[in-house]
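Written out below as structure tokens is the structure these notes cover.
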Amino acid sequence: MNAGPGNTGDSFRRRDPERGQRPPRDAQPPLPPEVYRRRRIAAIAAVVVVILLLWWLLSSLGGSQEDASTPAADTTQSSSAAPTSGKEKKPDAKDKKAESEKQAAKKSEDKKKDAEPKDPAAEKTSCELADLRVTAVPGKSTFDPGEEPTFYAKIANPTKADCVIDVDEAKLLFEVFAMDDYHRVWGDLDCNEPSITGEVTIEAGESQNYKMGSWSRTTSAPDQCDARQPVGPGSYLLYAHLGDNVSQPATFNMS
């Protein structure tokens with residue numbers, strides 16, 4: 190068999206497939222195993238670092254929230270504890286005694302007010318002479334030697350109505366009695382004309398005071414004004430009259 194033109198018998202050869210082919214020029218040989226181990230270690234380390242960073246970040250956020258809430262609690266505790274931080278002053282025995290006496294005095298005063306009888310005239314809507322309260326008041330408890338005593342009459346209207354009194358009929362007068370034997374010593378109208386005349390109005394719930402000039406410290410009796418005798422030192426009773434309305438006796442002394 191003849192070869193074709195331009196071909197020789199051994200010019201065309203087929204490659205033996207078992208001999209392998211030459212690798213491409215751009216192919217690189219495999220890296221050493223140490224390189225792969227280092228890469229794996231680096232990757233693991235990076236993952237660990239990321240985990241640590243996340244843990245630190247979460248811990249920081251949680252700590253900040255706790256710190257933000259802690260001052261409020263501390264403030265509350267401080268404010269609640271503040272009242273007990275100072276030293277409390279304990280009352281001493283003197284203060285306790287004074288307070289006890291004050292309370293006892295108040296209780297005594299309250300009991301006294303409760304024990305006082307209420308004036309039945311206080312609820313009346315009208316007023317007459319008998320409703321008035323007449324009080325005799327000496328100018329002093331003890332008059333010095335030669336001093337002429339002065340006397341007062343307090344007339345109070347306890348009702349809810351004004352009281353109009355004709356003192357020409359219900360005369361205002363004073364009398365003095367000796368305390369030792371209760372004999373009448375003197376009366377201001379025995380030898381003198383009344384100093385108050387006409388009508389006197391005492392308003393509801395109000396009082397008026399009337400003063401007698403002075404007593405000459407001599408005896409007297411109605412229509413017996415001659416030979417009046419000096420009155421010696423001693424204890425005496427004073428009465429004030431408004432018509433038939435007579436006060437309780439008031440004591441006084443003359444030196």
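The sequence shown finishes on residue 444 if you use my numbering, and the numbering steps up by one all the way, no holes.
Glycine residues also receive a C-beta, built at the ideal position from the N, C-alpha and C atoms.
Using the beta-carbon count (16 or more within 10 Å), is residue i buried or exposed?
{"i": "Leu426", "result": "buried"}
{"i": "Val353", "result": "exposed"}
{"i": "Tyr371", "result": "exposed"}
{"i": "Tyr449", "result": "This structure cannot speak to residue 449, because the chain is shown only from 190 to 444."}
Can you check which of these residues, the options, is closest to residue i by C-alpha distance?
{"i": "Leu378", "options": "Ala416, Ile240, Ser409, Ala345", "result": "Ser409"}
{"i": "Cys380", "options": "Gly328, Arg417, Ala232", "result": "Arg417"}
{"i": "Asp351", "options": "Ala232, Thr386, Thr407, Ala311", "result": "Ala311"}
{"i": "Cys316", "options": "Val236, Lys283, Ile391", "result": "Ile391"}
{"i": "Gln437", "options": "Ala294, Ala342, Pro222", "result": "Ala342"}
{"i": "Val389", "options": "Met401, Leu321, Pro334", "result": "Leu321"}
Bridge partners for residue i per DSSP, in chain order?
{"i": "Thr407", "result": "Pro419"}
{"i": "Ser424", "result": "Asn442"}
{"i": "Met401", "result": "Phe340"}
{"i": "His372", "result": "Answer is none; His372 lacks a bridge partner."}
{"i": "Val239", "result": "BP columns for Val239 are empty, so no partner."}
{"i": "Pro327", "result": "Phe340"}
{"i": "Arg322", "result": "Ala345"}
{"i": "Ser297", "result": "None, per the DSSP bridge assignment."}
{"i": "Glu364", "result": "Gly376, Tyr428"}
If you drop the 5 nearest sequence neighbours on each side, which residues of the same chain put their C-beta closer than 7 Å to that of residue i?
{"i": "Arg373", "result": "Glu364, Phe366"}
{"i": "Ser330", "result": "Phe441, Asn442"}
{"i": "Leu362", "result": "Gly376, Asp377, Leu378, His430"}
{"i": "Ile385", "result": "Val356, Leu361, Tyr399"}
Less than 7 Å between the beta carbons of residue i and residue j, yes or no?
{"i": "Ser403", "j": "Thr339", "result": "yes"}
{"i": "Ser444", "j": "Pro419", "result": "no"}
{"i": "Val356", "j": "Ala429", "result": "no"}
{"i": "Asn346", "j": "Glu395", "result": "yes"}
{"i": "Pro327", "j": "Ala439", "result": "yes"}
{"i": "Gln413", "j": "Ile344", "result": "no"}
Suppose the cutoff is 8 Å on Cβ atoms and the five residues either side in sequence are ignored; what does the same chain contact list for residue i look like?
{"i": "Val435", "result": "Val323, Tyr428, Ala429"}
{"i": "Ala359", "result": "Leu318, Leu431, Gly432, Asp433, Asn434"}
Tell me which same chain residues have a C-beta within less than 6 Å of the C-beta of residue i, skipping the five on either side of it?
{"i": "Lys349", "result": "Thr314, Ala393"}
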